[in-house]
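Remarks on the structure that follows.
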Amino acid sequence: MKKKIFSLFIGTLFSINLMAQKNNAYFVADPSLTPGGEVVVFSYEGDLWKVNASGGTAYRLTAMQGNESHARISPDGKWIAFTGTQDNNPNIYLIPIEGGEIKQLTFHDNNDFVDSWSWDSKYIYFTSNRYNFVSGYKISVNGGTPARLFENYFNTPHHLVEHPITKAIYFTESWESSIFSHRKKYKGEHNPDIKSYDFNTKRFTKHTSYKGKDFWPTIDKNGNVYFVSDEQNGEYNLAVLKDGKTEILSSCATSIKRPQISANGEKVVFVKDYQLYIYNILSKKSELLNISLFQNNTLLLDQSFKVQGKITYFDVSGDGKKIAFVSRGK
């Protein structure tokens, strides 16, 4: 009898452990929408997850060694391209949208980060520091040797997206939109702008000229170009190009990150305050995406550290109520 009670007790603990739940987890990143805007794929705890765009339970898609990030869903809705550090080096990987076998596409010893897809779902655009600080490339879903897009035209093109009609490549090229994207309110000659280059007509176009920061472009199937801009209040807000001019769509008091439009042009997903938000193009309103994450905690390692005299970096939140710091590399 004691053995049965003990087994039942252990089984109950195991079930509770399997169903450990986090509601609206913080520190999510790199969201992407399916073409019809029904599902969001995002990064959390170094893995890829997916959740219904109306909220609900999120499920883990990957559990590789290292971190999986920069997920982008193909326009045909069949594949997710992402950057993984399986061997401690960022390379490009491919996984079916429903989960399954993961295929590695790049094998370079430098850093490859996914930007977007071609509209025929045959190529993946990415940026890498293979031959320059940042350069733009594309690779077939079947693998092979990546093709460098800009040999001599531009210095550091990144955030590459293809226009569905003209096939021009939209991008930004500034350190302020690559390694310093977190640095807000910069205004100067190195401010990032939304640019494009049409390989068929050899035409270069500079779409924004604001002396602040316009970057992270994303395009829907109708050719509408969305991006972030700090022109309104010094914070990154959602914007769209309308008749060659910038129209600010949101008025967030804190900056948004990494917006991605659904291919049908109905929804934009982005990160704000370390959580996921959905912006509805028709209603012009954004809402927090309510997510529940069920996790299988296979190993718990609680450790205590004395941090006195061992704090190397710290920063205080704007409201003066919180502090983030680094101690012993953690």
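Going by my numbering, the letters in the sequence shown line up with residues 792 to 1121, in that order. Virtual Cβ for every residue (Gly too), placed ideally from N, Cα, C. Since we're looking at a predicted model, the values are computed, not measured.
| query | result |
| --- | --- |
| What are the start and end residues of the beta strand (DSSP E) that includes threonine 918? | 914–919 |
| Report the residue ranges of all alpha helix (DSSP H) runs contained in full by the segment 991–1067; include only those spanning at least 4 residues, in chain order. | none |
| Go ahead and pull the three-state DSSP assignment for lysine 976. | coil |
| Please confirm whether arginine 909 and glutamate 942 have their CB atoms less than 7 Å apart. | The sequence given here has serine at residue 909, not arginine. No, the pair does not count as a contact, with Cβ atoms beyond the cut-off. |
| Using the Cα positions of asparagine 1081 and valine 831, report the straight-line distance between them to the nearest angstrom. | 12 Å |
| Determine, for lysine 1113, whether the minimum Cβ-Cβ distance to residues of chain C falls below 7 Å. | Absent from the structure: chain C. Only one protein chain is present. |
| May I have the straight-line CA-CA distance separating asparagine 982 from threonine 1037, to the nearest angstrom? | 15 Å |
| Going by beta carbon distance, what residues of the same chain come within less than 6 Å of proline 948, once the five residues before and after it are set aside? | Gly927, Phe941, Phe962 and Glu964 |
| Output the boundary residues of the beta strand (DSSP E) element that contains histidine 861. | 859–864 |
| Output the distance between the C-alpha atoms of serine 798 and alanine 854, rounded to the nearest integer angstrom. | Unreliable positioning characterises serine 798 in this predicted model, as indicated by a pLDDT of 45, which lies under 50. The coordinate reading is nonetheless provided below. Taking the straight line joining both Cα atoms gives about 29 Å. |
| Exposed or buried, which one is glycine 1120 when buried takes at least 16 other CB atoms within 10 Å? | exposed |
| Starting from the C-beta of glutamate 829, find all residues in its chain whose C-beta is less than 6 Å away, skip the five residues before and the five after it, and write them out in chain order. | Ala844 |
| Leaving out the 5 sequence neighbours to the left and right, which residues in its chain are closer than 8 Å to isoleucine 807 when beta-carbon positions are compared? | Any reading at isoleucine 807 needs caution, since the residue's pLDDT is 42, under 50, leaving its predicted position unreliable; the model's value is listed next. Excluding residues within five positions, none has a Cβ falling inside 8 Å. |
| Which term fits leucine 839, buried or exposed, when burial requires 16 or more other beta carbons within 10 angstroms of its beta carbon? | buried |
| Got a sec, what are the start and stop residues for the beta strand (DSSP E) glycine 934 sits in? | 934–939 |
| Are serine 1083 and asparagine 814 touching if we call contact CB-CB under 7 Å? | yes |
| In this structure, does DSSP put lysine 986 in helix, strand or coil? | strand |
| How many Å lie between tryptophan 1007 and asparagine 933 at the Cα? | 27 Å |
| With 16 other CB atoms within 10 Å as the buried threshold, where does asparagine 1024 fall? | exposed |
| Measure the beta-carbon distance from valine 1060 to glutamine 1051 and round it to whole angstroms, keeping in mind my assumption that it falls under 8 Å. | 5 Å |
| Excluding the five sequence neighbours on either side, which residues of its own chain have a C-beta within less than 6 Å of the C-beta of serine 968, listed in chain order? | Pro983 and Phe1006 |
| Report, in whole angstroms, the separation of the C-beta atoms of serine 912 and histidine 899, which I expect to be a contact under 8 Å. | About 23 Å separates the two Cβ atoms, so there is no contact after all. |
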